[in-house]
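Here the structure comes first, spelled out in structure tokens, and everything after it is commentary.
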Amino acid sequence: MRASKALLTFDVVTLMPEMFLAISDYGVTGRAFKENIVNLNLWNPREFSMDLHKTVDDRTYGGGPGMLMTADPLVKSIEAAKKRQDKLGLKNSKVIHMTPRGKLLSHNEIKRLLSCEGLVIITSRYEGIDERVNNWVDEEVSIGDYVLSGGELPAMTMMDCLIRQLPGVLNDDESATQDSFVNGLLDHSHFTRPEIFKKMKVPEVLLSGDHEKIRLWRLKESLKLTWIKRPDLLAKKLLTKEEARLLEEIQIEQEQGSI
Ligand code: 4F9
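Residue numbers for the sequence shown follow numbering that gives the first Met the number 0, beginning at 0 and rising by one.
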């Protein structure tokens, strides 16, 4: 057990707290929670509902289909969660609502959020939340241009991204330093045993033991994959001299029809 304080504390507001077992009890993230590198507390607005039936939703003013999460149980949950984070003395704690209208999550956004020691994450169900709750929200985050059945999976997506960046979570073998997006490029392709699979061979250079040659091959692969699959990423990236030279090679090879 880790004696020192967690690096990141999540307080999640959700009507479906059991869903978060997916992140707290499994794999790399499960290990991080077990080792207390990260902490998770769950706040169910239903427990803050004042009426007999523990209502947390209602029809929208102005009519139309769908229900909204009402303000009072949500705000009570947020305030309880914030109070707990304040008591822990967490620096730069933020309240985030997972919503399709939020700022798109990216590796850069994840790096920015890593400056927070505490996050209160609101996950909504139904058609969303009463607009007035936004007076308690610091940031809105989206994981992509699509609508899900609720904000829980987006919250867990963001939490997983954050957790794997924290020191001590990944071991050397799992290191995130060479992941896709870290250097603004897609990861290169990978091969493992056997050396020949259904007549397909592993690229010779990877068996050469020449680390500099392998580094260059991988960088060129990264550039090639990014150029083919995600040219938008390349357009945003400042290339090093070496990268620019490799990209030129790739473009010439492509014109010659060898890619
Ligand atoms: C949240 C979708 C963040 C994408 C929340 C339904 C959502 C979402 N990114 N969809 N509730």
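Beta carbons are placed, not taken as given, at the ideal position from N, Cα and C, and that holds for glycine.
Helix, strand or coil for I128? Go by DSSP, reduced to three states.
strand
For L20, count neighbouring C-beta atoms within 10 Å of its own C-beta (all shown protein chains included) and say buried if the count is 16 or more, exposed if not.
exposed
Any non-hydrogen atom of the ligand 4F9 within 8 Å of P153 CB
yes
N-terminal and C-terminal residue of the beta strand (DSSP E) that D10 is part of
L7 to V12
So who's on the other strand from M97, going by DSSP bridges?
T122 and V140
For my contact list, Y125 and M49 are in at a C-beta cut-off of 8 Å; report their separation, rounded to the angstrom.
In fact, because the Cβ distance is near 19 Å, the residues do not count as touching under 8 Å.
Any non-hydrogen atom of the ligand 4F9 closer than 8 Å to V146 Cβ:
yes
Between I195 and V204, is the Cβ-Cβ spacing less than 9 Å?
no
Determine whether the beta carbon atoms of I77 and E139 lie at a separation below 9 Å.
no
Test item: CB-CB of V27 and V201 under 9 Å
no
For D162 versus L104, is the C-beta spacing smaller than 9 Å?
Rather than Asp, the amino acid found at residue 162 in this sequence is Ile. Cβ distance not < 9 Å, so I162 and L104 don't count as in contact.
Should L184 and L222 be called a contact, given that it needs their Cβ atoms to be closer than 9 Å?
yes
Please give the ranges of any alpha helix (DSSP H) in the region 155-242, keeping only runs that are unbroken, at least 4 residues long and fully inside the region.
210-228 and 230-235
Let me know if K90 comes out buried or exposed under the rule of 16 or more other beta-carbons within 10 Å of its beta-carbon.
exposed
Leaving out five residues before and five after W164 in sequence, what residues of the same chain have Cβ atoms less than 7 Å from its Cβ?
Note on identity: in this sequence residue 164 is Gln, with Trp being the wrong assignment. Only I109, L113 and A175 meet the Cβ criterion.
When DSSP labels each residue in this structure, what does K102 get in the three-state scheme?
strand
On the three-state DSSP scale, how would you describe M18?
helix
Where L67 falls: helix, strand or coil (DSSP):
strand
Separation of T98 from W135, as counted between CA atoms
15 Å
F190 burial status per 10 Å Cβ neighbour count (16 or more: buried)
exposed
Same chain, Cβ closer than 7 Å to T122, five either side skipped, listed in chain order:
V11, V12, T13, M97, G149, G150, E151 and A154
Is it the case that the CB of V140 approaches a heavy atom of the ligand 4F9 more closely than 8 Å?
yes
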